[in-house]
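Have a look at the structure below before the remarks.
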Amino acid sequence: MIKDYFLNSLETALENAIKDNKLGAMQEYTKGTLTVERPKNPDFGDYAVNVSSLARFAKIAPPQIADTIKKYVNDDDNKYTVIGGFINFKAGEKLLSNLIRKIFEKKSDFGKPENIQPEKIILEYISANPTGPFHIGHGRWAAMGSVLANLLKFYGHEVYQEFYINDAGSQIQKLGNSLAIRIRQELGENVDFPTDETERKNYYPGDYLIPVAKKYLQTHKGLPEDVKELSDFAKKEMEDLQKALLDNFNVHFDNFYSELTLHNSGKVEECVNKLKASGKIYEKDGAKWFKSSDYGDDQDRVIKKADGSNTYLTADIAYHIDKLQRGFDRMINIWGADHHGYVARVKASIEALGYDPNKLEVLLGQLVNLVIDGNEVRMGKRKNMVTLEDLINEVGVDSTRFWMSMRNIDTTLDFDIELAKKNTDENPIFYVQYAHARACSILRNVVAEKIDTQTGEKSSAPMSQKDFEQLVNGFDADIVLPTVETARKLILKLEEYKSVIKMSAETRQVYTICRYVQELASEFHSFYNANRVISDDKDMMKARISLVWAVKTVLHNALQDILGVNAPEKM
RNA sequence: GUGCUUGUAGCUCAGUUGGAUAGAGCGUUUCCCUCCGAAGGAAAAGGCCGUGCGUUCGAAUCGCAUCAAGCACACCA
C-alpha cells in the first residue's frame, strides 16, 4: 500500500544514512520510530513523516536530518520534499493506480490484513433479563456487538457470539407473579398490580404480558397450581420475542447461554469450592465473602448469602471460568457503564482461580438518550420507556444500526429520531447509501441503451456488456491512469480503508468505520460532480468506470460485511 | 464522599496515540443541472480545545488541581 511503501522507502534511506555515519550517534534508534501521518495541508503532499523524533538520538536539528534522509532516498516515481523537519511524500500515478488494481484483485477481501495472530474470541453482549422487551439501550449493544463481531472476523479472528440469559433469581418469579395477574384479568377477575410503590416493584406491570396471558389461556384452562409454570411459560415467550427481534435487527448469536443451566449443572458450586480451596474465602455475618480486595477490588464481595444461596456474582464468576475452560483466548464483554464497578471483582475472581485476568476485556458503553423534537428524553424512567422494537419500526433497521454504532462507546449517544428517519444528507446513513446507489446507477448506465427524452431516439450503450465485464474481470492498472490526478483525494481515501479497519479492530471502536464510510461517500460525491464518467473519450471513460467500480466495492464491503446494513443498488 | 466516563464552532461530534495554520456534518449566507441520480456539489462566516498550574524543542492530546454533566458505589439481578 502507498503508506507502507513510503515508510519503507524512508526507513531504508535512513538505515543507509546511518551506515554511512551521516546522522551521528544513532545506536539507540530502533525501527518503528518513524510514523506516517496525513499532512494537515494537502499542498504539502499525500503523506508526511516528522523526523523530529530522531533528533534526540542524532543530536542534529530536524531539518538537517530530513535533508540527509532525503538524499538517500532512491525513488524517481514519487515526489519527496523537505519542509522543516518534515519529509513530505506525493504518490506518483503508478502507485495510485496500483491501489485500484489491488481492489480489483482482492474484491471483498480488500482491507484484510495479511499476517495477524488469529485469536479465538468469545464476544458477549446484550445479556438481558428475559423478563420483558428490549429497550433502546439494548439496541446500542446489539448494533455495536454485531458490528464488532463482523469486524473482528473480517480482521482474521475467530469470533463466537454469545448472549448470557439472566434467567435465574428472583426476577423470574416476579415475572411469573405478574403473568398470574394478567391471566386473572383475562379471566374477568377484578385484580390489578399493587399501587403501593414498594410492593409494585415486585411486579412487571407493563402491557407486554397481556398477549402472553392470552396465549397461555389458549392451551390452559386457568391458573396452574405452581406459579413456576407461569414463570417458565413467560420466560420462554420473552426469549422467543427477543430472539425474533435480534434476527430482524441482523444480529446473530452463535449461542444463548442460560444462567440457570449453570446453576443446575453444579458449575456454580464447583466454582465456590475452588475459591474456598484457594483460601480466598472467609465468613462474616453468616455470609461467605471473597477476598477480592487482594486483587485490586476496592472491597470484598459476598459469594454466598447468609441464607445459603449464591449471589449474581457467583454465577458470573462460574460463567467466565466456563468460557475459559471452553478454550477461548480472549473474552470481550460489552457492558453498560452502570456495571463498571463489576469489572474489578470478576477480574479478581479470574486471577484467584489461576487464570490470566487480561484475557477478559470489558467494553463499557455509555447509555442512550432519545431526542424527540429536539428535546432530550432521558431513558430509564419507566414512563419514558421506548422499546427497541418501536424504534426499529419507526426508523428502520439500517438507520438504527448505523446510528447506534456511529459514536464513540465512551460518550452518551443522542439518538435523534427525526434525523434518523430523514431521507436527506442530514442523515449520514442515507448519504452513504445514496453514494453507493449512485455508483451503481452509473455502472448501469454505462451498458444501457440511451434514449433521448426529447426525440425518443435510441442510441447504443456507451460500452458493451462484454467490454464492461472484461474491464471489471481483467483489470489493468494502466487503464486508470488518465484520471488519477483528478481522483487523487478519492484514491487516497480508498487507501485509508485498510488502516481504518486495523485501528477499528484493535481498539474495538466500531464508530471509526461509520466515519470512514461517510468520508468516502463525500469524496465520491465530489469526484462525481467534478468529473463526468460517461463520455466520448473512451480511455478516460474506462479509467473513471474502474474508479467508480472500486468505490462501489469498498462501500459495499464496509456497509454489508462490516456494518451489517444494506448497500442498495437503487433507492 | 470515592471510583469510572465526558467537557473542542450555535447544535451533533472527529482529532490516526505529543507535531505544520484546530477538522467534519447539520444549521446560516452565496453560487452550481440542456448532460451519468441536485436524495448531490463548490465556497464563506463561525474557536481562550471547561478553567488554572506543570512536564519539553512542541500540549486539544501527558501529569496535578479545580469546576460542570452522566453513571456506579447491595447478602438485587
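Under the numbering used here, residues 3 to 573 are what the first sequence spells out, in order. Don't be surprised by glycine CBs; every beta carbon is placed ideally from N, CA and C. Since the structure is predicted, the reported quantities are computational estimates derived from the model, not experimental observations.
1. Spatial neighbours of K269 within its chain, please: CB distance less than 7 angstroms, with the 5 preceding and 5 following residues excluded, ordered by chain position.
2. Taking a contact to mean a Cβ-Cβ separation below 7 angstroms, would you say L25 touches A19 in this structure?
3. Tell me which same chain residues have a C-beta within less than 7 angstroms of the C-beta of L219, skipping the five on either side of it?
4. For the stretch 402-412 and the stretch 508-517, state whether three or more C-beta atom pairs, one from each stretch, are separated by less than 8 angstroms.
5. Look up W291 in the DSSP assignment and give the residues it is bridged to.
6. Looking at D427: is its Cβ nearer than 7 angstroms to the Cβ of N568?
7. Exposed or buried, Q29, counting other C-beta atoms within 10 Å across all chains shown (16 or more means buried)?
8. Alpha carbon to alpha carbon, what distance is there between D48 and A93?
9. Out of Y499, V535, E521, D541, which has the shortest C-alpha to C-alpha gap to I564?
10. Reducing DSSP to helix, strand and coil, say where R332 ends up.
11. Enumerated in chain order, which unbroken segments of the beta strand (DSSP E) with a length of 3 residues or greater are wholly contained in the stretch 52-94?
12. According to DSSP, what are the bridge partners of E160?
13. To which residues does DSSP link T389 through a beta bridge?
14. Along the alpha helix (DSSP H) that carries L247, what are the first and last residues, could you check?
15. Is V43 helix, strand or coil when you go by DSSP?
16. Let me check understanding here. Comparing Cα to Cα, which of L496, N533, A507 lies closest to Y518?
17. Just to confirm before moving on: does the CB-CB distance between V550 and V535 stay below 7 angstroms?
18. Flag this pair as yes or no: are the beta carbons of M333 and I118 separated by less than 7 angstroms?
19. Indicate the three-state DSSP secondary structure (helix, strand or coil) for A569 in the structure shown.
20. Give the DSSP bridge partners of L315, in chain order.
21. Determine the burial state of H140: buried for a count of at least 16 other Cβ atoms within 10 Å of its Cβ, exposed for fewer.
22. Taking Cβ positions, are N257 and E164 nearer each other than 7 angstroms?
23. Output the boundary residues of the beta strand (DSSP E) element that contains G178.
24. DSSP three-state call for V38: helix, strand or coil?
25. Going by alpha carbons, who is nearest to T83 out of N395, K108, D45?
26. Name the two residues that bound the continuous beta strand (DSSP E) containing I374.
27. Measuring CA to CA, which of M542, G208, S548, K293 is closest to F136?
28. Our contact map puts A50 next to P64 with C-beta atoms below 8 angstroms; I'd like the distance itself, whole angstroms only.
29. Among all the DSSP beta bridges, which residues are the ones paired with K460?
30. In the structure shown, what three-state DSSP assignment does K554 receive?
31. I'd like the span of the beta strand (DSSP E) that includes D418, first residue to last.
Walking through what the data contain:
1. Sequence index remark: in the first sequence, residue 269 carries index 267 (1-based). So the list reads A320, D324, once near-sequence residues are dropped.
2. Reading the first sequence from its first residue, position 23 is the one you call residue 25. Reading the first sequence from its first residue, position 17 is the one you call residue 19. Yes, the pair counts as a contact, with Cβ atoms nearer than the cut-off.
3. One-based indexing of the first sequence puts residue 219 at position 217. Within the same chain, L219 has close Cβ partners I185, E188.
4. yes
5. Indexing the first sequence from 1 puts residue 291 at position 289. BP columns for W291 point to Y284, V304.
6. Numbered from its first residue, the first sequence carries residue 427 at position 425. Numbered from its first residue, the first sequence carries residue 568 at position 566. No.
7. Counted from its first residue, the first sequence places residue 29 at position 27. By the neighbour-count rule (16 or more Cβ atoms within 10 Å), Q29 is not buried but exposed.
8. If you number the first sequence from 1, residue 93 lands on position 91. If you number the first sequence from 1, residue 48 lands on position 46. Distance between the alpha carbons of A93 and D48: 7 angstroms.
9. For the purposes of this step, residue 564 is taken as the residue at position 562 of the first sequence. The candidate whose alpha carbon is nearest that of I564 is Y499.
10. Sequence index remark: in the first sequence, residue 332 carries index 330 (1-based). R332 falls in the strand class under three-state DSSP.
11. 81-85, 88-92
12. Here the question's residue 160 lines up with position 158 in the first sequence. In DSSP, E160 forms a bridge with K122.
13. Reading the first sequence from its first residue, position 387 is the one you call residue 389. DSSP lists H137 as partners of T389.
14. Here residue 247 refers to the residue found at position 245 of the first sequence. Its alpha helix (DSSP H) spans residues 229-250.
15. As a first step, residue 43 must be located in the first sequence, where it is residue number 41. Rather than Val, the amino acid found at residue 43 in this sequence is Asn. If DSSP states are grouped into helix, strand and coil, N43 belongs with coil.
16. As a working mapping, residue 518 is identified with position 516 in the first sequence. Among L496, N533, A507, the Cα nearest to that of Y518 is on L496.
17. Taking the first residue of the first sequence as position 1, residue 550 is located at position 548. Taking the first residue of the first sequence as position 1, residue 535 is located at position 533. A contact, by the Cβ cut-off of 7 angstroms.
18. Indexing the first sequence from 1 puts residue 333 at position 331. Indexing the first sequence from 1 puts residue 118 at position 116. Going by C-beta atoms, M333 is not nearer than 7 angstroms to I118.
19. By one-based count along the first sequence, residue 569 stands at place 567. If DSSP states are grouped into helix, strand and coil, A569 belongs with coil.
20. For the purposes of this step, residue 315 is taken as the residue at position 313 of the first sequence. In the DSSP output, where bridge partners are listed per residue, L315 has none listed.
21. Taking the first residue of the first sequence as position 1, residue 140 is located at position 138. Buried is the call here.
22. As a working mapping, residue 257 is identified with position 255 in the first sequence. As a working mapping, residue 164 is identified with position 162 in the first sequence. The answer is yes: Cβ separation under 7 angstroms.
23. The count along the first sequence starts at 1 and reaches residue 178 at position 176. Here G178 belongs to no beta strand (DSSP E); instead the alpha helix (DSSP H) covers 172-188.
24. As a first step, residue 38 is located in the first sequence; it is residue number 36 there, counting from the start. If DSSP states are grouped into helix, strand and coil, V38 belongs with the strands.
25. Start at 1 with the first residue of the first sequence, and residue 83 comes out as number 81. Among N395, K108, D45, the Cα nearest to that of T83 belongs to D45.
26. Position 372 of the first sequence, counted from the first residue, corresponds to residue 374. Unbroken beta strand (DSSP E) run through I374: 370-374.
27. Indexing the first sequence from 1 puts residue 136 at position 134. It is G208.
28. For the purposes of this step, residue 50 is taken as residue 48 along the first sequence, with counting starting at 1. For the purposes of this step, residue 64 is taken as residue 62 along the first sequence, with counting starting at 1. With a Cβ gap of about 13 angstroms, A50 and P64 do not count as contacting.
29. The residue you call residue 460 lines up with position 458 of the first sequence. I453.
30. Within the first sequence, residue 554 is the residue found at index 552, counting from 1. In the structure shown, K554 sits in a helix (DSSP, three-state: H, G or I).
31. Residue numbering aside, residue 418 sits at position 416 when the first sequence is read from its first letter. Per DSSP, D418 belongs to the beta strand (DSSP E) from 415-418.
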